[in-house]
Amino acid sequence: MEEGYIFFVGFMGAGKTSVAKKVAAKMGLPFQDSDQELEKRHAMTVNQIFDEKGESFFRGQETLFLESLDRNSSGIVSVGGGLPCFNNNMDQMKSLGIVVYLKHPVGQLVNRLIHAKKTRPLIREKSEQELKEYIAEMMRVRSPFYEQAHLIVSGNEIHPGKIVELIRTYTR
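Per our numbering: the sequence shown = residues 91 to 262.
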């Protein structure tokens, strides 16, 4: 792949950032995380941005982040779980490169998120049952966006080496 980005999408807790970093290292490409970039730009955590400026502001900033990417460059980008679902961002990502959806069942996401609630603004006050119901509902809402990805990787296929192989096959 000469130019273009590879975007990693999926629900919070899917492992987008950790997998994308490993894929970037294997492919020798620069890595960016949309949430980390927005935290740098605003000198605030995602939680603080949500609390002080609201979700609508945050979603607008995610779109501005995508618009700021150099169309003549390439790299690996991990995006926040909601980013693909707002402001035609999925279409924007698809125009800039390849979108990879890391897909997990609801129960697995609950297990991955139950101890990380404090750092996640949309789930920090939820009980385990509320978390399960929330994830199921959000997956129902967000899946139509995620499913538009060029590559959908789930279960045992979510391994950096396997994903690199899938990307290279897709771009041939």
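Using N, Cα and C, we set each Cβ at its ideal position, and we do this for glycine too. Just so it is clear, the structure is predicted and the values come from calculations on it, not from any experiment.
Residue-chain proximity (residue i, chain E), Cβ-Cβ < 9 Å
i: Asn178; result: Within the model displayed, chain E is absent; a lone protein chain is all it includes.
Helix, strand or coil at residue i [DSSP, three-state]
i: Asp123; result: strand
i: Ile248; result: coil
i: Phe101; result: coil
i: Val243; result: strand
i: Leu192; result: strand
i: Val113; result: helix
i: Ser163; result: coil
Closest by C-alpha distance to residue i, when choosing among the options
i: Lys222; options: Glu237, Arg202, Ala110; result: Arg202
i: Glu255; options: Gln219, Val190, Thr107; result: Val190
i: Phe155; options: Leu199, Val200, Val167, Ala104; result: Val167
i: Leu241; options: Phe121, Gly187, Ser158; result: Gly187
i: Thr107; options: Gly165, Met117, Ser163, Phe121; result: Phe121
i: Met117; options: Met102, Ser164, Leu212; result: Ser164
Sequence-distant residues of the same chain with beta carbon closer than 7 Å to residue i, five excluded per side
i: Leu173; result: Ser124, Glu152, Asn179
i: Ala226; result: Val196
i: Glu129; result: Thr135, Val136
Outcome for residue i when other beta-carbon atoms lying within 10 angstroms are tallied against a minimum of 16
i: Gly170; result: buried
i: Phe147; result: exposed
Contact under 9 Å by Cβ, residue i with residue j
i: His194; j: Ser233; result: no
i: Arg131; j: Asn177; result: no
i: Val99; j: Ile253; result: no
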